[in-house]
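Heads up: the structure comes next, in structure tokens.
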Amino acid sequence: MADLFDGYAATAARTGTAVAFDEMFTPDSDVRMPYRQIHAALAQMSQEELRGRTEALASSYLAQGVTFDFAGEERPFPLDAVPRVIERAEWSHLESGVAQRVRALEAFLTDVYGPQRCIADGVIPARLISSSSHYHRSAAGIESANGVRIQVSGIDLIRDEHGTWRVLEDNVRVPSGVSYVISNRRVMAQTLPELFVSMRVRPVGDYPTRLLDALRASAPAGVDDPTVVVLTPGVYNSAYFEHTLLARLMGVELVEGRDLYCSGGRVFMRTTAGPQRVDVIYRRVDDEFLDPLTFRADSMLGTPGLMLAARLGNVTITNAVGNGVADDKLVYTYLPDLVRYFLNEEPIIPNVDTWRLEEPDSLEEVLDRLHELVVKPVDGSGGKGLVVGPAASTDELDELRMRLQEDPRGWIAQPVVQLSTIPTLVEDGMRPRHADLRPFAVNDGREVWVLPGGLTRVALPEGQLVVNSSQGGGSKDTWVVGQLPMVADSHDVQGIVAEQATVTQAIPIILDATAHEVDHNPQDDPRRSQQEQQQQSMFSVTPSSNGALASSRGVNKC
6 MADLFDGYAA TAARTGTAVA FDEMFTPDSD VRMPYRQIHA ALAQMSQEEL
56 RGRTEALASS YLAQGVTFDF AGEERPFPLD AVPRVIERAE WSHLESGVAQ
106 RVRALEAFLT DVYGPQRCIA DGVIPARLIS SSSHYHRSAA GIESANGVRI
156 QVSGIDLIRD EHGTWRVLED NVRVPSGVSY VISNRRVMAQ TLPELFVSMR
206 VRPVGDYPTR LLDALRASAP AGVDDPTVVV LTPGVYNSAY FEHTLLARLM
256 GVELVEGRDL YCSGGRVFMR TTAGPQRVDV IYRRVDDEFL DPLTFRADSM
306 LGTPGLMLAA RLGNVTITNA VGNGVADDKL VYTYLPDLVR YFLNEEPIIP
356 NVDTWRLEEP DSLEEVLDRL HELVVKPVDG SGGKGLVVGP AASTDELDEL
406 RMRLQEDPRG WIAQPVVQLS TIPTLVEDGM RPRHADLRPF AVNDGREVWV
456 LPGGLTRVAL PEGQLVVNSS QGGGSKDTWV VGQLPMVADS HDVQGIVAEQ
506 ATVTQAIPII LDATAHEVDH NPQDDPRRSQ QEQQQQSMFS VTPSSNGALA
556 SSRGVNKC
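When the count follows my numbering, it moves up by one through the sequence shown with no breaks and lands on 563 for the last residue.
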């Protein structure tokens with residue numbers, strides 16, 4: 006332990022007078038209860054042994070094609086060998102809070118694309134909705150048979166300096182990253198099988214089944230055995246690994262826009278056996294590229310006529326078109342009020358304190374305190390456009406000040422929150438690094454099921470608060486511990502892997518050498534990556550690779 010954690014306490018993350026909450030150690034350097042077994046196991050390892058395990062994890066990911074692009078270099082998605090641990094009671098609180106959040110977002114979207122009572126009752130301003138770049142009037146009145154708009158969501162959480170969990174942002178358009186949860190769990194179960202048994206870690210392998218059940222439940226009325234497909238922009242998309250993995254684990258076809266066509270208000274898939282009707286489309290294509298007859302006329306990633314088929318009730322598009330208005334960071338500031346309005350409940354997980362810059366007094370205060378705040382664009386993702394005041398130069402702050410004055414609606418401001426830290430192996434040894442958590446929730450219309458754990462993203466550079474992989478971040482397996490005893494014993498490694506995560510196989514990803522501008526980061530701005538994908542579709546032929554399709558039923562790539 007002296008070797009592995011030597012100097013750890015001395016490097017405690019600090020901003021000004023605030024010290025980050027460390028999830029493994031108390032301020033007195035005592036090990037917190039959830040981490041005691043992990044700490045004991047690490048204490049028996051040398052730094053070289055742990056580093057060897059970490060390098061083995063990286064090699065495994067590289068072989069599977071679990072990579073991302075960082076500064077023009079293709080790298081394995083970084084997975085740290087030290088997991089994040091959450092006790093069962095604490096997870097129950099988070100699970101309830103995430104499920105509540107999703108139910109409120111669901112009610113908000115149903116209302117804002119329907120009767121708009123929350124606007125009429127003064128809960129949220131009409132101008133906020135109409136000015137959101139992701140509010141699409143063309144989606145008004147389109148409902149799935151079971152009324153669900155958010156089949157999949159990713160709610161980003163952080164832990165502040167006091168150890169309090171808070172919601173950082175909502176993702177209900179096309180949330181990515183669950184493939185890394187499944188992949189992380191599989192390799193960690195192979196690396197530390199004895200701890201999975203002794204700590205009774207809750208498995209994550211139910212996700213593909215839960216997702217498929219939710220997709221099937223949203224099928225058009227009268228369809229007893231729906232055909233479900235996963236719609237991908239193609240191999241150049243930053244989340245293509247996830248698209249292929251989920252399609253294969255659910256046992257459904259992975260298709261591109263050109264594999265589908267609309268006729269008579271219905272959607273069909275081209276196959277070698279002839280046309281096959283499609284009932285549910287789990288789309289991983291942004292709204293703007295989904296249907297060139299409704300949105301961008303130059304889109305080659307979608308299929309003409311999808312929106313008409315959805316409006317006629319002949320196909321369900323999941324997640325629903327137009328959900329992006331709920332991801333608007335200005336709408337985020339109204340979520341506590343929306344929870345109270347729609348659910349008649351108090352929010353279980355609070356927001357981060359946020360200034361609405363369209364309010365003159367708030368704008369004036371923020372302009373005076375730019376050097377000490379974090380400022381974000383309301384439609385940004387993946388850390389794009391975010392400015393951390395204490396780390397910004399005078400010129401950067403001056404430029405930002407002008408942009409805020411020109412477009413206050415386009416920005417929010419928040420205090421610099423010291424994200425909690427978790428021991429992470431870096432070049433200098435075991436050091437505290439900031440992390441967030443993205444739990445994934447699946448809504449089938451009967452219940453909101455939250456995947457135990459979720460994706461922990463960790464900022465690897467010292468002092469970095471932006472955890473996205475495009476900013477040099479990595480990930481950790483997230484263990485929810487304290488469930489019922491596992492079936493497998495500690496010596497049955499394959500049994501533990503099978504119980505913990507759905508069995509996955511290597512998926513080769515073949516990328517053209519010119520495609521390295523695409524940022525392989527599942528949380529980055531999807532619009533950017535799909536615009537680049539659009540260009541690739543216009544000027545190049547998509548390369549083929551063995552295993553790229555989800556199944557062998559014969560999609561005709563024509």
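Where a beta carbon is used, it is the ideal one built from N, C-alpha and C, also for glycine.
Taking 9 Å as the cut-off, the Cβ atoms of Val383 and Leu335 count as close. Residue environment: Ala131 is assigned as exposed (fewer than 16 neighbouring CB atoms within 10 Å of its CB, all protein chains considered). Per DSSP, the beta bridge partners of Trp484 are Val90. Take the alpha-carbon of Val128 and the one of Asn151: they are about 26 Å apart. Using a Cβ distance threshold of 9 Å, Pro180 and Arg443 count as a contacting pair. Excluding sequence positions up to five before and after Ser425, its CB lies within less than 8 Å of the CB of Ala25, Phe26, Asp27, Glu28, Ile163, Arg164, Asp165, Gly168, His439, Ala440, all in the same chain and listed in chain order. Under the DSSP assignment, Glu258 falls in the beta strand (DSSP E) whose first and last residues are 258–260.
Going by beta carbons, Ser184 and Val71 fall inside the 9 Å limit. The beta carbon of Thr308 lies closer than 6 Å to those of Gly262, Leu265 in the same chain, with the five residues before and after it left out.
The DSSP-derived three-state label of Gln156 is coil. DSSP places Ala45 outside any beta strand (DSSP E); the residue lies instead in the alpha helix (DSSP H), whose first and last residues are 41–48. Per the DSSP secondary-structure output, Glu174 pairs in a beta bridge with Asp161. Around the Cβ of Thr249, a 10 Å sphere holds 16 or more other Cβ atoms; the residue is buried. Distance from the CA atom of Arg282 to the CA atom of Gly385, rounded to whole angstroms, is 36 Å. Contact check for Glu247 against Gly182 passes: the beta carbons are separated by less than 9 Å. Burial is judged here by how many other beta carbons sit within 10 angstroms of a residue's own beta carbon; His376 has fewer than 16 and is exposed.
Comparing alpha carbon positions, the residue from Ser97, Phe30, Val422, Val107 closest to Arg451 is Val107. If you draw a 10 Å sphere on the C-beta of Arg374, you find fewer than 16 other C-beta atoms in it, and that means exposed. In the three-state DSSP reduction, Tyr266 falls in the strand class (E or B).
DSSP, reduced to helix, strand and coil, places Thr16 within a helical segment of the structure shown.
By the CB criterion at 9 Å, Asn448 and Val157 fall inside the cutoff.
Taking Trp170 as the centre and dropping the five residues before and after it, the same chain places the C-beta of Leu99, Leu162, Arg164, Ile354 closer than 7 Å to its C-beta, in chain order.
The alpha-carbon separation between Ala302 and Gln469 amounts to approximately 40 Å. Asn448: member of the beta strand (DSSP E) spanning 445–448, first to last residue. Proximity to Gly459 across Asp433, Ile91, Phe30, Thr59 peaks at Ile91, based on C-alpha coordinates. DSSP places Phe30 within a strand segment (E or B) once states are collapsed to three. With three or more CB-CB distances shorter than 8 Å, the stretch 410–421 counts as touching the stretch 356–370. Leaving aside the five residues that flank Arg215 on each side, the residues in its chain whose CB is nearer than 7 Å to its CB run, in chain order, Val447, Trp454. Here Ser65 is near Val192, since their CB atoms are less than 9 Å apart. Excluding sequence positions up to five before and after Ala145, its CB lies within less than 7 Å of the CB of Tyr118, all in the same chain and listed in chain order. Cβ-Cβ separation between Val87 and Thr429: approximately 6 Å, consistent with a contact (criterion under 8 Å). Ranked by Cα distance from Arg58, the first of Ala194, Ile147, Asp175, Val172 is Ala194. Look at Arg132 here: in three-state DSSP terms it is helix. Between the alpha carbons of Glu350 and Gly310 lies a gap of roughly 40 Å.
The bridge partners DSSP lists for Ile147 come to none.
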